[in-house]
Structure formats: structure tokens, C-alpha cells
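Have a look at the structure below, then the notes.
Residue numbers (our numbering): 6 to 562.
Okay, structure coming up:
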């Protein structure tokens, strides 16, 4: 079987202006980045804002194996399938981070015959959005340290600087650093930190902003430090907003590319779901809704992370109302959750499947808490047996979930027809009564965290470290208690311990730190040992990536 990159490189792409024309978009509405990539002119979004919205379908998943379970592949494949069935469909996806591309998980362009292309461009530099976000983040850091060096008029407490630098790479050595070493003119010595770009607050702001005015207002609210009176110091206080917005003037515009079958794909923004809110931009999602019968979007990692944040943060903030959820599972992930080692997942094991399927059960229950109908799809592998598939199908139908096999990796849109029909049945026959898990103003920080931890994760209770308890109290006093919660948690387990697979019971969730992303408009609660700057594995994917004399890239997946 050909690799993903080989399939992508052999594909025949349409000029992006032709893909756009197929859904009624004129060339003048686009800003072309070569033949196959474009951004939307900001005026175009105003032109279509009064169009009737299509249906919104979220794609999420169970807790994955380290390789992931195919949410993007499913999103791309079923959007192709829906178009085959005559439904004008657009997929609205996140942009990949360089960290996973060179780490262990690979890129985020889908796979097999359900990919968005050009695959190499998307997985590497694309249209420069991540570079712009990184630059804006680090400009703010530079202006902060320069302000301190030049006399510190704002009386910033250098022991209470909270703004971190960022880079879009897995680099554990940068997690904790000391800056300002050397001569007096080289800056004030202090401890500093790096996060990966997808964990930067500016990434979240870009994805939640409605337009440039909203972006600038949110940028101004970013808290960079506290002064000696323990009052917040913001980016606006540093007069940094205009320059940051200038760096982001193109990055805020949604990108358009295509799938292998020329379905339009709006790919914009890319926060991780384990350490950020895990959804593509509000602008791209809303634009897809204005132009399509059905907009397919995704949220990162398992439904305990991405889907919860999609429902409680993105939908509440942007006034979105999802009509259905597709929950992606694989036989191998269910066996993995049933205790089977990664090397043995290809072997039939109904006993392990019956133990691991409780993970799927919990995610079904969780999604139903939001009042949105659920379709379960099994991303099928060649090693799956008939007995295993039948077992899962019966399990889902017993829980009032439509069920469909997906073979989009192997067959593209044709392999997603069964799933597409299941989605259409659900949209036609089941009403969505979307409601968030909690409201912002009527609950305290503690109540919101406890709601997520007990109802979504299944924890007995929440435990706070002494530092987190102090932060919770301080943030409430500063007036941030009414913000939603963005939980930072490992993706492999419903608990904060990645080794507790399946559906763990009798555990506590430990909150070790809480901080405010005032510009994004949420509080981040760090659980367990989750890191905002990942590291590379023992054998990183980067070792297998190369480019030949003709400029053809190999080894990217």
C-alpha cells in the first residue's frame, strides 16, 4: 500500500480558484497563495454573513492510542462522501503543528485517500499563520522584558511574570530557562519558560476572534505579569497591541485548500486539545456554515478534551449549535483500552474488546449530556475481524446510537458512504437540543472544574495543590471567576493518569495550577503531569524525513 505522502504527491489537484468556484466563490474573494492555497478576503465574510446556516457536525473520538484514531481522516472522508450524495459539504479543520510532524504522531492532513492537499505544504509552513502567531507572542515577550530593562515604569514584579515565549517545536530543553545573563545591557536576569505555539494564548485568541476589532480587543486583555501591588499588567499597558495585530493581519483570515476529491477544506488555527481548547477558528467554522448544506468540523483528541471544550467554550462563545456528533473509534484503540499492549493490537481479542469498550460507552454518555445526537463510526483496519465489528455494532445500537463502518482511508469518499447516510438519517430524524455542561456566570471556578471532572471524566472529587488553591482564590478576587474552564489533561485516559485506561473509577483529579487567558476568555487548569511544551520521543519522526535534489519530500506522514 502506498504511503500517505505518496498518495498525496500523485494526486491531481484543481486550481484552488476552481474549487472555490464550485461553491460560488469568485476569484476576487480570494487571496491566492500560489495555485492550490488561498485565504479569504476579509470583506467576503461580511458579504455572506446573512446567508442561512447549514448543519454543523462535530467529529470527535474515544481516548486514542499514541498514533491517533483518525478523526481528521474521518472528517475529510465523510465530507467527500456527503458531496457524493449531493450534499454541499465543507470540512473546517485545524492546521497541523510542526511538533507532532517531527515527533511521534505525524501530521494532520488526514490519511490514505481521505486527505487534504497539498499535504506537505499544510504539514510544514502552509500560509505562515503559525509563524505569525509565534512572532506576535515573542514580540510581546520582547516588549515586556525591554520595558523592565528600560526602567520598569509599570512597576512589574519580575518574580511574577506569567507571559511565556513560544516556538512551534517539541523542545523539552526550553521548558524552563534563565534569561538576561551576561552584561547589564543584556537585560534583567529572571526565570523564563517556553510553550509550544499551539499552547500560546495568541493561538486561542486567533481561533476565537470574530474579526480584527475583536482580535485587537482580546490581545489587549492578555495578562503578561503582575505589578508590585499584585495587579495585572496587560499587553495594552505595554502598548504592544497594534504591532501584534499587524503581524496577525493575514493570519486571522481563514485558509482554503481541497481534499483529494476536491471538496473544499477551510483549514485555520490549530490549538492542541490536551493543553488548549482544541478547535479550529470560529471564523472558518462560521464561514463553512454560511456556504454549505453541512459543515464538518473536528475537535482534538478524545471527546473528554476536544468535544467538551468545543461544546462548553467554542459553542457558548460563538453562539454555535451543533446538530450531530460523530464519535470515531477503532478496534485497536478499544483493545488498547482493554489492556492489550501496542504490539499485539492486530490480534483478535474479544475479551479485551469487551473490557475496553467501556471507554466508548463513557464517551457516548458524555456526549449525550450536551443534548446532541451521536453517530458512532468505526475507522476500519484490515486486521479487524467480523466478530469484533459485530460486537461493537451491537453495543452501539443498544445505546441508541446510529452506527457505521468507515473505510475512507482505503477508499476515500466511497468508503464513507455508509457513515454519510448514517449522519443524514440522524440529522433528519433526531433533533439536537444542544446545551452546555455549565454556564459561565452562575458557577464558581471550583464548581465548573468539579462539573467537568466528575461528569465528564468520572472522578470522585477534585484535589487542589496549595499553589492551585491560592491561584483559584486570587483569580476569583480579580474578577475572573465567571470565565469558562479549559482543562489541560493527558489525552490517553479519562483520568489525569495516562496509564489508567478504559473507564477508570475511584480516582481523584489533581489540579496543580490555574492561570487566566484573559484575552482568550478562559481559565486554564493544569492537571497531573501534563506539559505545555512536549518533548521529542527516543526516535523522532524527523529522523525519517528527507528531501531529494528535485525538492520532493519523503518520510512525512
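Glycine included, every Cβ here is placed at the ideal spot set by N, Cα and C.
### Query
residue 284 and residue 340: beta carbons closer than 8 Å?
Within the chain shown, residue 284 is the residue found at index 279, counting from 1. Within the chain shown, residue 340 is the residue found at index 335, counting from 1. Contact: no.
### Message
The alpha helix (DSSP H) that contains residue 25, what's its start and end?
### Response
The sequence position of residue 25 within the chain shown is 20, counting from 1. First-last of the alpha helix (DSSP H) with residue 25: 21-26.
### Query
Since residue 426 sits in a beta bridge, which residues does DSSP pair it with?
Within the chain shown, residue 426 is the residue found at index 421, counting from 1. The partner list for residue 426 (beta bridge, DSSP) is empty, contrary to what the question assumes.
### Message
Buried or exposed for residue 361, going by 16 or more other Cβ atoms inside 10 Å?
### Response
Taking the chain shown and counting its residues from 1, the one referred to as residue 361 is at position 356. Classification of residue 361: buried, given that the 10 Å Cβ count is 16 or more.
### Task
Check the C-beta distance from residue 214 over to residue 98 and give it rounded, since I have them as a contact under 8 Å.
Here the question's residue 214 lines up with position 209 in the chain shown. Here the question's residue 98 lines up with position 93 in the chain shown. No, residue 214 and residue 98 are not in contact; Cβ-Cβ is about 18 Å, not under 8 Å.
### Task
Work out the CA separation of residue 192 and residue 154 for me, nearest whole Å.
Taking the chain shown and counting its residues from 1, one reaches residue 154 at position 149. Taking the chain shown and counting its residues from 1, one reaches residue 192 at position 187. Approximately 6 Å between the Cα atoms of the pair.
### Message
What does the Cβ neighbour count give for residue 395, buried or exposed, with the cut at 16 atoms within 10 Å?
### Response
In the chain shown, the residue the question calls residue 395 occupies position 390. By the 10 Å Cβ count, residue 395 comes out exposed.
### Query
Is it the case that the Cβ atoms of residue 50 and residue 292 are separated by a distance below 8 Å?
Stepping through the chain shown from its first residue, residue 50 is reached at position 45. Stepping through the chain shown from its first residue, residue 292 is reached at position 287. Cβ distance < 8 Å, so residue 50 and residue 292 count as in contact.
### Query
Given that a residue counts as buried once 16 or more other Cβ atoms are within 10 Å of its Cβ, and exposed if not, what is residue 371?
Residue 371 sits at position 366 when you count from the first residue of the chain shown. By the beta-carbon neighbour count (other beta carbons within 10 angstroms, threshold 16), residue 371 is buried.
### Query
Could you give the distance in angstroms between the alpha-carbon of residue 501 and the alpha-carbon of residue 534?
Working through the chain shown from its first residue, we reach residue 501 at position 496. Working through the chain shown from its first residue, we reach residue 534 at position 529. Between the alpha carbons of residue 501 and residue 534 lies a distance of about 8 Å.
### Query
Do you know offhand how far residue 450's Cα is from residue 508's?
On the chain shown, position 445 is the one that residue 450 refers to. On the chain shown, position 503 is the one that residue 508 refers to. Residue 450 and residue 508: Cα-Cα distance of roughly 26 Å.
### Task
Compute the minimum distance between the beta carbon of residue 265 and the heavy atoms of the ligand NAD, and state whether it is under 7 Å.
The ligand NAD is absent from the structure shown, which contains no ligand whatsoever.
### Message
Restricting to Cα atoms, I'd like to know which of 109, 164, 148 and 298 is closest to residue 93.
### Response
As a working mapping, residue 93 is identified with position 88 in the chain shown. Answer by Cα proximity: 298.
### Query
How many whole angstroms separate the CB atoms of residue 79 and residue 64, which I take to be in contact at a CB cut-off of 8 Å?
Against the chain shown, residue 79 aligns to sequence position 74. Against the chain shown, residue 64 aligns to sequence position 59. About 6 Å separates the two Cβ atoms, so the contact holds.
### Message
Out of 542, 354 and 498, which one is the CA nearest neighbour of residue 391?
### Response
Translated into the one-based positions of the chain shown, residue 391 becomes position 386. Closest in alpha carbon position to residue 391, among 542, 354 and 498, is 354.
### Limits of the unbroken alpha helix (DSSP H) element including residue 246
Your numbering for residue 246 matches position 241 in the chain shown. Looking at the DSSP string, the run of the alpha helix (DSSP H) that includes residue 246 is 246-252.
### Message
For a test of the three-state rule: what should DSSP assign to residue 517, helix, strand or coil?
### Response
The residue labelled residue 517 in the question sits at position 512 within the chain shown. The answer is strand: DSSP assigns residue 517 an E or B state.
### Message
Closest to residue 520 by C-alpha separation, out of 552, 66 and 486, would be which residue?
### Response
If you number the chain shown from 1, residue 520 lands on position 515. Measuring from the Cα of residue 520, the nearest candidate turns out to be 486.
### Task
Taking 8 Å as the threshold, find out whether the segment 110-117 comes into contact with the segment 396-410 through three or more Cβ pairs.
Touching, no, given that fewer than three Cβ pairs across the two stretches are closer than 8 Å.
### Query
When you compare only the Cα positions, how much space is there between residue 522 and residue 459?
The residue you call residue 522 lines up with position 517 of the chain shown. The residue you call residue 459 lines up with position 454 of the chain shown. Those two C-alpha atoms are separated by around 24 Å.
### residue 60 to residue 288 span [Cα, whole Å]
In the chain shown, counting from the first residue as 1, residue 60 sits at position 55. In the chain shown, counting from the first residue as 1, residue 288 sits at position 283. So the two alpha carbons sit approximately 16 Å from each other.
#### Entry: Where the beta strand (DSSP E) through residue 261 begins and ends
Working through the chain shown from its first residue, we reach residue 261 at position 256. Counting along the chain, the beta strand (DSSP E) containing residue 261 begins and ends at 260-264.
### Query
Counting Cβ pairs closer than 8 Å, one from the segment 224-237 and one from the segment 166-181, do we hit at least three?
These segments touch.
### Message
Let's test the definition: count the other Cβ atoms within 10 Å of the Cβ of residue 282 and tell me whether it reaches 16, buried, or not, exposed.
### Response
By 1-based counting over the chain shown, the position of residue 282 is 277. Buried, by the Cβ-count rule.
### Query
How many Å lie between residue 499 and residue 48 at the Cα?
Residue numbering aside, residue 499 sits at position 494 when the chain shown is read from its first letter. Residue numbering aside, residue 48 sits at position 43 when the chain shown is read from its first letter. When the Cα atoms are used, residue 499 and residue 48 turn out to be separated by approximately 43 Å.
### Message
Spatial neighbours of residue 26 within its chain, please: C-beta separation below 8 Å, excluding the five flanking residues on both sides.
### Response
By 1-based counting over the chain shown, the position of residue 26 is 21. The answer, listed in chain order, is 32.
### Query
Unbroken beta strand (DSSP E) runs of length 3 or more, entirely within the segment 170-199: which are they?
Taking 3 residues as the minimum length, the beta strand (DSSP E) runs contained wholly in the segment 170-199 are 170-172 and 181-184, in order along the chain.
### Query
Would the beta-carbon of residue 195 fall within 8 Å of that of residue 187?
By 1-based counting over the chain shown, the position of residue 195 is 190. By 1-based counting over the chain shown, the position of residue 187 is 182. When the beta-carbon positions are compared, residue 195 and residue 187 stay at least 8 Å from each other.
### Query
Hey, quick one: how far does the beta strand (DSSP E) through residue 164 stretch, first residue to last?
On the chain shown, residue 164 is found 159 positions in, with the first residue counted as 1. Segment 161-166, the beta strand (DSSP E) holding residue 164.
### Query
What number of angstroms, rounded off, separates the C-alpha of residue 551 from the C-alpha of residue 117?
Counting from one through the chain shown, the residue named residue 551 turns up at place 546. Counting from one through the chain shown, the residue named residue 117 turns up at place 112. Rounded to the nearest angstrom, the two C-alpha atoms are 20 Å apart.
### Query
With distances taken from CA atoms, which of 201, 243 and 261 is nearest residue 38?
Your numbering for residue 38 matches position 33 in the chain shown. Ranking 201, 243 and 261 by Cα distance to residue 38 puts 261 first.
### Query
Do residue 296 and residue 514 come within 8 Å of each other at the CB atom, strictly closer than that value?
Here residue 514 refers to the residue found at position 509 when the chain shown is read from its first residue. Here residue 296 refers to the residue found at position 291 when the chain shown is read from its first residue. Their beta carbons are not under 8 Å apart, which means residue 514 does not touch residue 296 by this criterion.
### Query
How about residue 201 and residue 559: are their beta carbons less than 8 Å apart?
As a working mapping, residue 201 is identified with position 196 in the chain shown. As a working mapping, residue 559 is identified with position 554 in the chain shown. The answer is no: Cβ separation not under 8 Å.
#### Entry: Through-space distance from residue 8 to residue 344, alpha-carbon basis
In the chain shown, residue 344 corresponds to position 339, counting from 1. In the chain shown, residue 8 corresponds to position 3, counting from 1. When rounded, the separation of the alpha-carbon atoms in residue 344 and residue 8 is 29 Å.
### Query
residue 128 to residue 302, Cα distance in whole Å?
For the purposes of this step, residue 128 is taken as residue 123 along the chain shown, with counting starting at 1. For the purposes of this step, residue 302 is taken as residue 297 along the chain shown, with counting starting at 1. The alpha-carbon atoms of residue 128 and residue 302 are separated by roughly 18 Å.
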